[in-house]
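First residue of the sequence shown? That's 3 in the numbering used here, and the numbers climb one at a time after it. Backbone N, C-alpha and C fix where the C-beta goes; we use that ideal spot for every residue, glycine too. Take a look at the structure below.
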Amino acid sequence: MANIYEVAKRAGVSTATVSRVLSQPDIVAPATRRRVMAAITRLGFTPNAAAKNLRTLRTRKLLVTVPDISNPFFSLILQGIEDAALREGYSVLVGDTQHDQKREE
């Protein structure tokens with residue numbers, strides 16, 4: 003699996019430029035952006051989501067806890083949360099606390 007260093011070397015740019023192409027493409031010159039994207043395609047590079055999460059301190063994940071996941075009332079609420087989260091680019095993780103105070107905390 004290719005990494006950002008290999009992409010940068012293949013495109014003849016710095017790793018910072020590769021990062022900018024992926025996160026803020028408008029600030030990179032079109033010709034440079036095309037070279038980097040071509041290198042990404044040739045090498046089959048895919049950005050490491052975990053590394054990005056560490057760098058940005060954002061996971062774009064929401065944790066929702068409910069006291070009883072088998073209750074249909076909560077499944078409707080979870081469906082609404084999931085729909086709204088998806089529209090905003092978030093993923094939802096669900097936890098069932100089973101009416102346990104310690105688990106809720």
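The region 17-32 and the region 70-79 do not touch, with fewer than three beta-carbon pairs separated by less than 8 Å.
In this structure, the beta-carbon distance from Lys63 to Ser93 falls below 7 Å. Ranked by how close their Cα comes to the Cα of His101, the residues Val9, Pro69 and Thr58 have Pro69 in first place. In this structure, Leu65 is the residue among Gln81, Leu65, Lys104 and Arg44 with its C-alpha nearest to the C-alpha of Gly97. For Ser93, no alpha helix (DSSP H) segment is defined; the enclosing uninterrupted segment is the beta strand (DSSP E) at Ser93 to Asp98. In the DSSP secondary-structure assignment, Leu65 is bridged to Leu95.
Listed in chain order, the alpha helix (DSSP H) elements of length 4 or more contained wholly in the region 8-92 are 17-25, 32-45, 51-58 and 74-89.
Rounded to whole angstroms, the Cβ separation of Val38 and Ala13 is 5 Å, and the two are in contact under 8 Å. Counting only the Cα atoms, Leu45 lies some 27 Å from Leu59.
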